[in-house]
Structures are given as C-alpha cells and as structure tokens.
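K.L.:
All the letters of the sequence shown, read from the start, carry residue numbers 1 to 162 under the UniProt record's numbering.
The beta-carbon is built from N, C-alpha and C at its ideal position, and this holds for glycine as well.
First, the structure itself, so that you have it in front of you.
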Amino acid sequence: MRCPFCRHPDSRVIDSRTADDGTCTRRRRSCTSCGRRFTTVEETVLAVVKRSGVSEPFSRLKVVGGVRRACQGRPVDEDDLQQLAHRVEEAVRARGAAEIPSHEVGLAILGPLRDLDEVAYLRFASVYRSFSSIEDFEKEIADLRSAAAGEAADDEAGNRDG
Ligand SMILES: [Zn+2]
1 MRCPFCRHPD
11 SRVIDSRTAD
21 DGTCTRRRRS
31 CTSCGRRFTT
41 VEETVLAVVK
51 RSGVSEPFSR
61 LKVVGGVRRA
71 CQGRPVDEDD
81 LQQLAHRVEE
91 AVRARGAAEI
101 PSHEVGLAIL
111 GPLRDLDEVA
121 YLRFASVYRS
131 FSSIEDFEKE
141 IADLRSAAAG
151 EAADDEAGNR
161 DG
C-alpha cells in the first residue's frame, strides 16, 4: 500500500481492528519513509456476475450512475444518490454471498428508489423490467398504490399491537 503523502511503497501496520459488524478491517499504518500515518480499510470484494458470465467488483458508482439517469429532473440530490447506493450495498452485502447476479443488484435498487422518488422508480423499473406497454406502467402504479395502502394498514396494526 503506497503512502498517500510521499508515495513510498512500504508501510508498517501499527494497529488493526475489525469493524463491529465484522464486514471490514481497518488498519492504522505508518510510512517507513516519511513516518506519517494513514488508515486503510480492507473488505471482501463482492463480485457482480453479469448475464454473460463476466464478473466485476460491486461498485457504488455504477449504482449511482444507473439511478442518476432515472432521476433526471427530479428533486433528488447527490446525497440522496449516495445514500441510496449505500443502502443497496448494505442490502447485497447482507446476503453474505461472495457473488451476486447483476439482476439482483437491480432488484436491490428498486426498493430504496421507490422510497426516494416514485417517478424515478417507475423510469428505472420500466427499463429494468422491460416494460413494453402502458398496461405495464398501470400495473406498476397500481402496485405502488396498494403498497402505500398496505404500509398505512401495517402502521395501524403496529399501533394496535403496541
Ligand atoms: Zn510516506
């Protein structure tokens, strides 16, 4: 690991600790040339497997890129996109698998995007699920409406239980 200050290629680990949730390890390092300290984070690479069989490391940037197009002209800012990508990454990593098919990454995007902006969600879903007719949109909108109604009913049930 190159020193970020002087680019020296060698450093010494002075402290190492695993995150509480066990998903990554942070190492405090000291440059053997300039002596300055920096931190590295080590985590397992989550591979996304495309339909072609080619795999590539999971990338939040790619998630943001895909969602940004669907959010054009919508009241969604960069923070929202970063947060969404973070939620997607947590969801796919929570499965604990080393590999995930790319279409499951798409599925993991749908939920948080629906929470964020319903229009962007419809755009994304229309491409992702290959909507071919206005009926597909109508069905999806009906699902959105019934999901919203279902959440309201859940809230009421929660209140009764509580
Ligand atoms: Zn250095």
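#1: Which residue marks the beginning of the beta strand (DSSP E) containing residue 131, and which one marks its end?
#2: Any heavy atom of ligand 1 closer than 7 Å to the beta-carbon of residue 12?
#3: Specify which residues have a beta carbon nearer than 6 Å to any heavy atom of ligand 1, listing them in chain order.
#4: So, are the CB atoms of residue 29 and residue 38 less than 8 Å apart?
#5: Shortest alpha-carbon distance to residue 113 belongs to which of 50, 75 and 1?
#6: So, is residue 146 buried or exposed, given that buried needs 16 or more other C-beta atoms within 10 angstroms?
#7: Would you list, in sequence order, the uninterrupted beta strand (DSSP E) runs of no fewer than 3 residues that lie entirely inside the stretch 60-116?
#8: Out of 5, 51, 148 and 115, which one is the CA nearest neighbour of residue 31?
#9: Taking the alpha-carbon positions, what's the residue 46 to residue 134 distance?
#10: May I ask which residues mark the beginning and end of the beta strand (DSSP E) holding residue 25?
#11: How about residue 85 and residue 68: do their beta carbons lie closer than 8 Å?
#12: Can you name, in chain order, every residue of its own chain whose Cβ lies under 6 Å from the Cβ of residue 50, other than the five neighbours on each side?
#13: Between the Cα of residue 41 and those of 137, 16 and 89, spot the shortest distance and give me the residue it belongs to.
#14: Helix, strand or coil, according to DSSP, for residue 124 in the structure here?
P.N.:
Reading off the structure:
#1: Indexing the sequence shown from 1 puts residue 131 at position 131. From DSSP, residue 131 is part of no beta strand (DSSP E); its letter is neither H nor E.
#2: Taking the sequence shown and counting its residues from 1, the one referred to as residue 12 is at position 12. Every heavy atom of ligand 1 is 7 Å or more from the Cβ of residue 12, so no.
#3: 3, 5, 6, 8, 31, 33, 34 and 36
#4: If you number the sequence shown from 1, residue 29 lands on position 29. If you number the sequence shown from 1, residue 38 lands on position 38. Cβ atoms of residue 29 and residue 38: closer than 8 Å.
#5: One-based indexing of the sequence shown puts residue 113 at position 113. Ranking the options by Cα distance to residue 113, first place goes to 75.
#6: Against the sequence shown, residue 146 aligns to sequence position 146. Burial call: exposed.
#7: 99-101
#8: Working through the sequence shown from its first residue, we reach residue 31 at position 31. The shortest Cα separation from residue 31 among 5, 51, 148 and 115 belongs to 5.
#9: For the purposes of this step, residue 46 is taken as residue 46 along the sequence shown, with counting starting at 1. For the purposes of this step, residue 134 is taken as residue 134 along the sequence shown, with counting starting at 1. Distance between the alpha carbons of residue 46 and residue 134: 36 Å.
#10: Locating residue 25 in the sequence shown gives position 25, counting from the first residue. Run containing residue 25: 24-31, per the beta strand (DSSP E) assignment.
#11: Residue numbering aside, residue 85 sits at position 85 when the sequence shown is read from its first letter. Residue numbering aside, residue 68 sits at position 68 when the sequence shown is read from its first letter. For residue 85 and residue 68, no; Cβs fall outside 8 Å.
#12: As a working mapping, residue 50 is identified with position 50 in the sequence shown. Once the five neighbours on either side are set aside, the close Cβ partners of residue 50 are 102.
#13: Position 41 of the sequence shown, counting from 1, holds the residue named residue 41. Of the candidates 137, 16 and 89, the one whose C-alpha sits nearest the C-alpha of residue 41 is 16.
#14: Locating residue 124 in the sequence shown gives position 124, where the first residue counts as 1. Of the three classes helix, strand and coil, the one that applies to residue 124 here is helix, per DSSP.
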